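Below is one structure, written out as structure tokens; comments come after it.
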Amino acid sequence: MIPRRPSPARKRFARDTRGAVAVEFALLAPLLLLFYIGLAEMTQAMMAQRRLFHATSLIGDMAAQNGQINQTRVDDIYNIGQAVMKPFPSSPMRLCLYSVVSDANGKDTVGWSAPKNSPTGCPALGAVVTNVPDSVLPASSSVIISTTSYSYTPTLSLNDASFTFRRTYYLRPRRTETVAWVK
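Numbering follows the UniProt record's numbering, with no gaps: position 171 of the sequence shown is 171.
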């Protein structure tokens, strides 16, 4: 049997690459779009986390600068901390600001506590605290602890997933040995 020569139309069709770019784009575009959206969401989550960390340190720092503090002052500090979260919503933000005083024996107790939005783990007045490192709170001293958490929900989520960011800062009182709670 004699082999057939390819017809000129077949040769032309095999060499024609005009639609190859369109096919490659159709295959890669959804993947690239998904990658772009994922990076944008990850960037937004990182921005929310950084703002939370900044708000946590700011809340603790502002409380540590006072010799005395009351609920009105704490509410003002919390409002400033929530303003730092803008443009992210402040409603998923949970705040806890409290003072821990260590006696001469090194027993750490809560001197005052001011939670906002019912954060988990905000200790009550007079509670014994064991999670403060000795390097942060030596015997016969006090420390202001600022704890926050933020539930971040991505704009585009397939399963309504959310991430919770948490941050804790320890700050020594600046003007006095301890920041006193006044009514």
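C-beta atoms are modelled at their ideal positions from N, C-alpha and C, and glycine is treated no differently. Here the structure is a predicted model, which is why all the values come from computation and not from measurement.
Where the beta strand (DSSP E) containing residue i begins and where it ends
i: Phe163; result: Phe163 to Leu171
i: Gly111; result: Asp108 to Lys116
i: Val143; result: Ser142 to Tyr152
Buried versus exposed call for residue i [16 or more other C-beta atoms within 10 Å across all chains shown]
i: Pro30; result: exposed
i: Ile80; result: exposed
i: Phe35; result: exposed
i: Asp108; result: buried
As assigned by DSSP and simplified to three states, the class of residue i
i: Leu158; result: coil
i: Arg94; result: strand
i: Ala180; result: strand
i: Val129; result: coil
Beta-carbon proximity of residue i to residue j, cut-off 9 Å
i: Val110; j: Pro89; result: no
i: Arg167; j: Phe53; result: yes
i: Leu95; j: Ser113; result: no
i: Ser146; j: Ile59; result: yes
i: Pro133; j: Gly106; result: no
i: Gly67; j: Thr176; result: yes
i: Thr148; j: Ala55; result: yes
i: Asn117; j: Met93; result: yes
Residue range of the unbroken alpha helix (DSSP H) whose run includes residue i
i: Asn79; result: Gln71 to Val84
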